[in-house]
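For the sequence shown, UniProt numbering begins at 1 and goes up steadily by one.
This report concerns only the one structure given below.
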Amino acid sequence: MRAVDDLSFTVEPGQVTGFLGPNGAGKTTTLRMALGLINPDRGTTTFNGTPYAALTEPTRRVGAVLETAFHPARSGRNHLRVYCRAAGIPVSRADEVLDQVGLGPAGDRKAGGYSLGMRQRLGLATALLGDPAVLVLDEPANGLDPEGIQWLRGFLRHLAHDQGRTVLVSSHLLAEVEQTADRVVIVGAGKLVRQGSLAELRSGSAGSVLVRSPQKDALADLLRTTAGTSVVTTDGHPDGLTVTGLPVEEVGRRAFAGRIELHELRAHTSGLEEVYFQLTAGSEQYAAGRPGTATTGEEAA
Numbered sequence: 001m002r003a004v005d006d007l008s009f010t011v012e013p014g015q016v017t018g019f020l021g022p023n024g025a026g027k028t029t030t031l032r033m034a035l036g037l038i039n040p041d042r043g044t045t046t047f048n049g050t051p052y053a054a055l056t057e058p059t060r061r062v063g064a065v066l067e068t069a070f071h072p073a074r075s076g077r078n079h080l081r082v083y084c085r086a087a088g089i090p091v092s093r094a095d096e097v098l099d100q101v102g103l104g105p106a107g108d109r110k111a112g113g114y115s116l117g118m119r120q121r122l123g124l125a126t127a128l129l130g131d132p133a134v135l136v137l138d139e140p141a142n143g144l145d146p147e148g149i150q151w152l153r154g155f156l157r158h159l160a161h162d163q164g165r166t167v168l169v170s171s172h173l174l175a176e177v178e179q180t181a182d183r184v185v186i187v188g189a190g191k192l193v194r195q196g197s198l199a200e201l202r203s204g205s206a207g208s209v210l211v212r213s214p215q216k217d218a219l220a221d222l223l224r225t226t227a228g229t230s231v232v233t234t235d236g237h238p239d240g241l242t243v244t245g246l247p248v249e250e251v252g253r254r255a256f257a258g259r260i261e262l263h264e265l266r267a268h269t270s271g272l273e274e275v276y277f278q279l280t281a282g283s284e285q286y287a288a289g290r291p292g293t294a295t296t297g298e299e300a301a
């Protein structure tokens, strides 16, 4: 089984690009290949036309966080200074990036005593040492508390929008990606599923109309007279319907013509989570049953 199969996409400067897919979809493998840590059977990844291995002073061109590795007895500041010396960067840069990621007051503490969220910030600080134009981050929000996630969102958008950097972020936090990313690349089973702006992804998803009426059954019969129209009961609303195949204006017009009372009528725009699950259905490495359903040993085998 191929981990990544004929996958191709472009990440643009000045934007935050979310890299999404189920576990086992090939996201981390793709990032490792991009950074020269794994050699693909064929194909190349370039940064402004140059493969990572051929970059001069790569830490000044590309900053990456795939795993946060550190000596537990070394302070956060000294951890960064080691990387500065290895990359030929002034050690004063360590203090600058510590302040950038909010770890300045904890810079002299042993990194082994850092929380998971602090370790994530230390990894991000390491990636920023060379002041690179490109950032490649694998699950940078893991371990961050809500305040930290909000900070990270604003920080990444500042790096991309205000400073013109190229930011590629792999994440499973779909709601956060929806608030942070300008574009997304979705993969499944090692293949590209879809890429584009959030608006483009939503426009490609089937829209629907949500409507509530005390005459729900009569309205459903009226709307079903059009071929291609689907009408189903809305979960959690005994008087609600979800309508696909008709625009919201047409649903309202027909209800008015049929003298049917409406309590709610609105178009439903799919969020990233809904679009994501539509696009990746069937590509999960491990798919669980719905809550409350049992899986027999024979089915599990």
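The beta-carbon is built from N, C-alpha and C at its ideal position, and this holds for glycine as well.
{"Asked": "Just to check my reading of the structure: Leu124 and Leu98 have Cβ atoms closer than 8 Å, yes? What is that Cβ distance to the nearest angstrom?", "Found": "Not confirmed; about 11 Å, so no contact."}
{"Asked": "So what does DSSP say about Thr28, is it helix, strand or coil?", "Found": "helix"}
{"Asked": "Ser213 and Asp239: beta carbons closer than 8 Å?", "Found": "yes"}
{"Asked": "Along the alpha helix (DSSP H) that carries Lys191, what are the first and last residues, could you check?", "Found": "No alpha helix (DSSP H) holds Lys191; the beta strand (DSSP E) holding it covers 191-197."}
{"Asked": "Buried or exposed: which applies to Ala199, given that a residue is buried once 16 or more other Cβ atoms fall within 10 Å of its Cβ?", "Found": "exposed"}
{"Asked": "May I have the straight-line CA-CA distance separating Thr293 from Glu274, to the nearest angstrom?", "Found": "Residue confidence for Thr293 is low, a pLDDT of 49 falling below 50, so the modelled location carries little weight and cannot support an answer."}
{"Asked": "In its own chain, which residues sit with a C-beta less than 8 Å from the C-beta of Leu55, not counting the 5 before and 5 after it?", "Found": "Phe47, Arg61, Val62"}
{"Asked": "Whose CA, out of Gly154, Asn23, Arg2, Thr280, lies closest to the CA of Val16?", "Found": "Gly154"}
{"Asked": "Less than 8 Å between the C-beta atoms of Gln163 and Asn142, yes or no?", "Found": "no"}
{"Asked": "Using the Cβ count rule (16 or more neighbours within 10 Å means buried), how would you classify Arg259?", "Found": "exposed"}
{"Asked": "Give the straight-line distance between the Cα atoms of Ser208 and Val4, rounded to the nearest whole angstrom.", "Found": "34 Å"}
{"Asked": "Based on the DSSP secondary-structure assignment, which residues constitute the bridge partners of Lys110?", "Found": "Ser75"}
{"Asked": "Please report the straight-line C-alpha distance between Ala53 and Pro247, rounded to a whole angstrom.", "Found": "52 Å"}
{"Asked": "When we look at the beta-carbon of Gly49 and count the other beta-carbons within 10 Å, is it buried (16 or more) or exposed?", "Found": "exposed"}
{"Asked": "What residue from Lys216, Ser197, Thr244 has the CA that sits closest to Phe19's CA?", "Found": "Ser197"}
{"Asked": "Using the three-state DSSP reduction, which class does Thr56 fall into: helix, strand or coil?", "Found": "coil"}
{"Asked": "On the DSSP letters alone, give me the boundaries of the beta strand (DSSP E) that Val169 sits inside.", "Found": "166-170"}
{"Asked": "Using 8 Å as the threshold, is the C-beta distance between Ala111 and Pro72 below it?", "Found": "yes"}
{"Asked": "For Ala257, does the count of other Cβ atoms within 10 angstroms reach 16, so buried, or fall short, so exposed?", "Found": "exposed"}
{"Asked": "Alpha carbon to alpha carbon, how far is Ser171 from Met118? Give it in angstroms, no decimals.", "Found": "18 Å"}
{"Asked": "Under three-state DSSP, which class holds Asp5?", "Found": "coil"}
{"Asked": "Measuring alpha carbon to alpha carbon, tell me which of Thr225, Lys191, Glu57 ends up nearest Thr29.", "Found": "Lys191"}
{"Asked": "Quickly, what does DSSP pair Val209 with across the bridge? List them, please.", "Found": "Val243, Ala267"}
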